[in-house]
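Student:
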Amino acid sequence: MGVIIEAKNIVTSFGDTVIHDDLNLSINQGEIYGILGESGSGKTLLLKEMIMLLKPTAGEMWVLGHELSKIPYNEAQSLRRQWGILFQFGALFTSLTVAENIELQLKEYTGIDKKMRDEIVKTKISMVGLSAHVGGLYPSELSGGMIKRAALARALAMDPKLLFLDEPTSGLDPIGARNFDALIMELRELLGITVVMITHDLESIHSVIDRFSVLADKHVVAEGTLENVLQSNHPFVERFFKNEYTLANYNKRARHHHV
Amino acid sequence: MSRVVIISLCDVIGYNGAMNQTYVHLEELADSIVVHAKGDWTLYSEPQINSELASFHPSKKIVWDLSKINSFDSAGVLLFMRFDEQFRAKFEVDVIGYTSEQQRMYELLKKHSVKEAIPERSEGMLSALGKRAVEGYREFLEFLDFTGYLLVAFLRYFVHPKNLRHKEITYHIERSGLSALPIIALTSFLVGMVISYQSAVELAKFGADVFIVDLAGISITRELAPLITAIVVAGRSGSAYTAQIGAMKITEEISAMRTMGFDPFYFLILPRMLALMISLPLLIFFADIIGIMGSMFAASLELNISYSQFIDRLQEVLAAKHFWIGIIKGPFFAVLIAMIGCFRGLQVTDDTESIGAQTTASVVNAIFFVIACDALFSVILTEWGI
Numbered sequence: 001m002g003v004i005i006e007a008k009n010i011v012t013s014f015g016d017t018v019i020h021d022d023l024n025l026s027i028n029q030g031e032i033y034g035i036l037g038e039s040g041s042g043k044t045l046l047l048k049e050m051i052m053l054l055k056p057t058a059g060e061m062w063v064l065g066h067e068l069s070k071i072p073y074n075e076a077q078s079l080r081r082q083w084g085i086l087f088q089f090g091a092l093f094t095s096l097t098v099a100e101n102i103e104l105q106l107k108e109y110t111g112i113d114k115k116m117r118d119e120i121v122k123t124k125i126s127m128v129g130l131s132a133h134v135g136g137l138y139p140s141e142l143s144g145g146m147i148k149r150a151a152l153a154r155a156l157a158m159d160p161k162l163l164f165l166d167e168p169t170s171g172l173d174p175i176g177a178r179n180f181d182a183l184i185m186e187l188r189e190l191l192g193i194t195v196v197m198i199t200h201d202l203e204s205i206h207s208v209i210d211r212f213s214v215l216a217d218k219h220v221v222a223e224g225t226l227e228n229v230l231q232s233n234h235p236f237v238e239r240f241f242k243n244e245y246t247l248a249n250y251n252k253r254a255r256h257h258h259v
Numbered sequence: 260m261s262r263v264v265i266i267s268l269c270d271v272i273g274y275n276g277a278m279n280q281t282y283v284h285l286e287e288l289a290d291s292i293v294v295h296a297k298g299d300w301t302l303y304s305e306p307q308i309n310s311e312l313a314s315f316h317p318s319k320k321i322v323w324d325l326s327k328i329n330s331f332d333s334a335g336v337l338l339f340m341r342f343d344e345q346f347r348a349k350f351e352v353d354v355i356g357y358t359s360e361q362q363r364m365y366e367l368l369k370k371h372s373v374k375e376a377i378p379e380r381s382e383g384m385l386s387a388l389g390k391r392a393v394e395g396y397r398e399f400l401e402f403l404d405f406t407g408y409l410l411v412a413f414l415r416y417f418v419h420p421k422n423l424r425h426k427e428i429t430y431h432i433e434r435s436g437l438s439a440l441p442i443i444a445l446t447s448f449l450v451g452m453v454i455s456y457q458s459a460v461e462l463a464k465f466g467a468d469v470f471i472v473d474l475a476g477i478s479i480t481r482e483l484a485p486l487i488t489a490i491v492v493a494g495r496s497g498s499a500y501t502a503q504i505g506a507m508k509i510t511e512e513i514s515a516m517r518t519m520g521f522d523p524f525y526f527l528i529l530p531r532m533l534a535l536m537i538s539l540p541l542l543i544f545f546a547d548i549i550g551i552m553g554s555m556f557a558a559s560l561e562l563n564i565s566y567s568q569f570i571d572r573l574q575e576v577l578a579a580k581h582f583w584i585g586i587i588k589g590p591f592f593a594v595l596i597a598m599i600g601c602f603r604g605l606q607v608t609d610d611t612e613s614i615g616a617q618t619t620a621s622v623v624n625a626i627f628f629v630i631a632c633d634a635l636f637s638v639i640l641t642e643w644g645i
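Chains as they are written, first to last, in this note's numbering: chain P, 1 to 259; chain H, 260 to 645.
#1: Any heavy atom of the ligand MG within a distance shorter than 7 angstroms of the CB on residue 29 (chain P)?
#2: Which of the three DSSP states is assigned to residue 162 (chain P) in this structure?
#3: Determine whether the Cβ of residue 367 (chain H) lies closer than 8 angstroms to any Cβ atom of chain P.
#4: Could you give the first and the last residue of the continuous beta strand (DSSP E) run that contains residue 217 (chain P)?
#5: With residue 405 (chain H) as the anchor, note down where its beta strand (DSSP E) starts and where it stops.
#6: Could you check if residue 643 (chain H) is buried or exposed, using at least 16 other CB atoms within 10 Å of its CB as the buried criterion?
#7: Please list the terminal residues of the continuous beta strand (DSSP E) segment that includes residue 9 (chain P).
#8: Give me the residue from H:310, H:324, H:307 with the minimum Cα distance to residue 287 (chain H).
#9: Does DSSP put residue 376 (chain H) in a helix, in a strand, or in coil?
#10: Can you tell me whether residue 445 (chain H) is buried or exposed? The criterion is at least 16 other CB atoms within 10 Å of its CB, across all chains shown.
#11: Counting along the chain, where does the alpha helix (DSSP H) carrying residue 70 (chain P) start and finish?
#12: At a CB distance below 7 angstroms, what residues from the segment 504-515 of chain H approach chain P? Give them in sequence order.
#13: When burial is assigned at 16 or more other CB atoms within 10 Å of the CB, is residue 606 (chain H) buried or exposed?
#14: Of the choices H:424, H:368, H:395, H:491, whose alpha-carbon is the least far from that of residue 441 (chain H)?
#15: Which value, in whole angstroms, describes the spacing of the CA atoms of residue 389 (chain H) and residue 400 (chain H)?
#16: DSSP three-state call for residue 100 (chain P): helix, strand or coil?
#17: Who are the neighbours of residue 377 (chain H) on chain P, taking C-beta pairs under 9 angstroms?
#18: Buried or exposed: residue 316 (chain H), going by 16 or more other Cβ atoms within 10 Å of its Cβ?
#19: Taking residue 303 (chain H) as the query, report the chain P residues whose CB atoms sit under 7 angstroms from its CB, ordered along the chain.
#20: Suppose you measure from the CA of residue 332 (chain H) to the CA of residue 427 (chain H); what does that come to, to the nearest Å?
#21: DSSP three-state call for residue 17 (chain P): helix, strand or coil?
#22: Does chain P have any CB closer than 8 angstroms to the CB of residue 337 (chain H)?
#23: Hey, out of P:3, P:169, P:19, whose CA is closest to residue 275 (chain P)'s CA?
#24: What number of angstroms, rounded off, separates the C-alpha of residue 199 (chain P) from the C-alpha of residue 91 (chain P)?
#25: Take residue 177 (chain P) and list the residues in its own chain whose beta-carbon comes closer than 6 angstroms to its own, dropping the five residues that flank it on each side.
#26: Let me check understanding here. Comparing Cα to Cα, which of P:150, P:181, P:60, P:106 lies closest to residue 197 (chain P)?
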């Protein structure tokens, strides 16, 4: 299992505001990796730096063997076809139907004929748990949860090896969120995808995430499995994982197992 | 098995061109044909695999051998499924050499294969036309509704003038009045100059040089300055109103205001309209001055009419009514521009495209109605003999 994303000494600052100061993390192939942190800790900025939407002020970001600050245009373009991204609010193109949204990259980048593209689109729509008729709807006609699912289908259109998810379960009902988690697990299992997700969802952290990093005070203050992270006594970790609510949940789960 | 014939598919279909790699290799045995799938069965190779398999017409039992596939993705597996189904309809089919990953992917895709078609969203011309007509009628009704609301808000303003955001009004006077000065100066100066320049040639033919002053003075103050100012303001501020209010609608700021009891007509639309009603006549006055300066400049260049001569003549021939008619048009145009701008903003729906469409519609409608209103003024005033 090789490292496919590595952040080395990342510094991000806007004027006098320093967001990341000497931040390091590494993500292995095939794992579901979480990025956790308080709001304002720069999780989304870090994600944006991984997908070339933002250049770090200093430091190196390695993704799939490329150092992003010095990547030539053509390599950057081909790198962009190897990942799929689910934006927090879906970011579906509003002028296209769901099916057209999913089909877009297939149409642009491959020579697959219309019939087969339809077949692929229908499968992806079904995979994310939507019914075929949703394919004919425009994003403005969808509910929040459907937008998330449709956007995931678009992110999966090109069978990416790397999937970035920005708060995939936020805005979903608890059952929808758990289904989403199960879907991510299934996809990783079947397609061998590496998943990087920003999340606050404790349930996701417990059930789907292999390893994660905790962003606070401009650094990664803890990285690893849940057990590793729980050993940290950083105030944010204490507050987030060792509060009454989380502990109660823990105990409930433990009791459940005993019965 | 004694007789083993190996044929490359390229030989079968007589393809000997640029194809440097094949993905399918056929092996004919006595009682079956073995289809060796090889290489990368992915999105990028799918079209070629498809054409290779499409030209293969089996005649007996088929055995898929998938052991030489390097990598595959859902497109490759879907393609396999499609041809597998086709073959199975006619002959016995066996699959060998597949990995457990391939099987799992196959099962996943099989589970999610959908027969139901995705509904098409294109429509015929007739239905589009009908839709447009209904849409137009609905928009008209909504505009009436909007006008009614605005009128009520306006009347309420006279009852409780304190409720109005006077700070907002001054802010919008600055935004749509004061900061429009440079562009209005430039356009009206140029138009004034062009009018003089063009007529100077014709007037000089008749030796009627000095009538340039009558011509420029009256046409600028009465018609051109109000029209140009209104068109510039429609482009500058009308579009801005639409985009601002439209964006506020998308981000649900307007819904938030409504639920807090802040009437958007009171807080957003009326201040903009009143600001424009105050600033447009002032801008027209400004455009009058600059426009006449422009024509003065051209007259002195082309006809050697000095500035003092021009101004003397202007005082003689330019009746105050022309100036006042121009100024009076201001508030009327302002109401049209602000109403259309704000109405179009409220018409914005949830998608990004509609902001663009509504902004365009806002400017186009505003300019049209300004010109139509100007024509109406012209007819009425001529009838009245003013």
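We put the beta carbon where it would ideally sit given N, CA and C, even for glycine.
Tutor: The structure says:
#1: The ligand MG is not among the ligands present in this structure, which contains no ligands whatsoever.
#2: For the purposes of this step, residue 162 (chain P) is taken as residue 162 along the first sequence, with counting starting at 1. Strand at residue 162 (chain P).
#3: Along the second sequence, one-based indexing puts residue 367 (chain H) at 108. At a cut-off of 8 angstroms between C-beta atoms, residue 367 (chain H) counts as an interface residue with respect to chain P.
#4: If you number the first sequence from 1, residue 217 (chain P) lands on position 217. First-last for residue 217 (chain P): undefined, no H or E at that position.
#5: The count along the second sequence starts at 1 and reaches residue 405 (chain H) at position 146. Segment 384-418 is the alpha helix (DSSP H) holding residue 405 (chain H); no beta strand (DSSP E) there.
#6: Here residue 643 (chain H) refers to the residue found at position 384 of the second sequence. Exposed.
#7: Numbered from 1 along the first sequence, position 9 holds the residue referred to as residue 9 (chain P). Where residue 9 (chain P) is concerned, the enclosing beta strand (DSSP E) starts and stops at 3-14.
#8: Within the second sequence, the letter at position 28 stands for residue 287 (chain H). Taking residue 287 (chain H) as reference, the option from H:310, H:324, H:307 with the minimal CA-CA separation is H:324.
#9: In the second sequence, the residue the question calls residue 376 (chain H) occupies position 117. Residue 376 (chain H) falls in the coil class under three-state DSSP.
#10: Indexing the second sequence from 1 puts residue 445 (chain H) at position 186. Taking all protein chains in view, the Cβ of residue 445 (chain H) is surrounded by fewer than 16 other Cβ atoms within 10 Å, so the residue is classified as exposed.
#11: The residue labelled residue 70 (chain P) in the question sits at position 70 within the first sequence. Careful: residue 70 (chain P) lies outside any alpha helix (DSSP H) and carries neither H nor E.
#12: The residues in question: there are none.
#13: By 1-based counting over the second sequence, the position of residue 606 (chain H) is 347. Under the 10 Å beta carbon count, residue 606 (chain H) is surrounded by 16 or more other beta carbons and is classified as buried.
#14: Locating residue 441 (chain H) in the second sequence gives position 182, where the first residue counts as 1. Of the candidates H:424, H:368, H:395, H:491, the one whose C-alpha sits nearest the C-alpha of residue 441 (chain H) is H:491.
#15: Mapped onto the second sequence, residue 389 (chain H) falls at position 130. Mapped onto the second sequence, residue 400 (chain H) falls at position 141. Their Cα atoms are separated by approximately 17 angstroms.
#16: Residue numbering aside, residue 100 (chain P) sits at position 100 when the first sequence is read from its first letter. If DSSP states are grouped into helix, strand and coil, residue 100 (chain P) belongs with the helices.
#17: As a first step, residue 377 (chain H) must be located in the second sequence, where it is residue number 118. Within 9 angstroms Cβ-Cβ: 97, 98, 99, 118, 121, 122, 125, 132, 133, 134, 135, 136.
#18: In the second sequence, residue 316 (chain H) corresponds to position 57, counting from 1. So residue 316 (chain H) counts as exposed.
#19: Within the second sequence, the letter at position 44 stands for residue 303 (chain H). The contact set of residue 303 (chain H) on chain P, defined by CB atoms closer than 7 angstroms, consists of 110 in chain order.
#20: Residue numbering aside, residue 332 (chain H) sits at position 73 when the second sequence is read from its first letter. Residue numbering aside, residue 427 (chain H) sits at position 168 when the second sequence is read from its first letter. Their backbone Cα atoms lie some 59 angstroms apart in a straight line.
#21: Here residue 17 (chain P) corresponds to residue number 17 of the first sequence, with the count starting at 1. Residue 17 (chain P): strand per DSSP, three-state reduction.
#22: Within the second sequence, the letter at position 78 stands for residue 337 (chain H). Taking Cβ atoms only, chain P reaches closer than 8 angstroms to residue 337 (chain H), which makes this a yes.
#23: Residue 275 (chain P) cannot be examined here, being either before or after the span of chain P that is shown, 1 to 259.
#24: As a first step, residue 199 (chain P) must be located in the first sequence, where it is residue number 199. As a first step, residue 91 (chain P) must be located in the first sequence, where it is residue number 91. Inter-residue distance for residue 199 (chain P) and residue 91 (chain P) is about 18 angstroms (C-alpha atoms, whole angstroms).
#25: Residue mapping note: residue 177 (chain P) aligns to position 177 of the first sequence, counting from 1. Counting only Cβ-Cβ distances below 6 angstroms, and skipping sequence neighbours, we find 169.
#26: Along the first sequence, read from residue 1 onward, the residue named residue 197 (chain P) stands at position 197. It is P:181.
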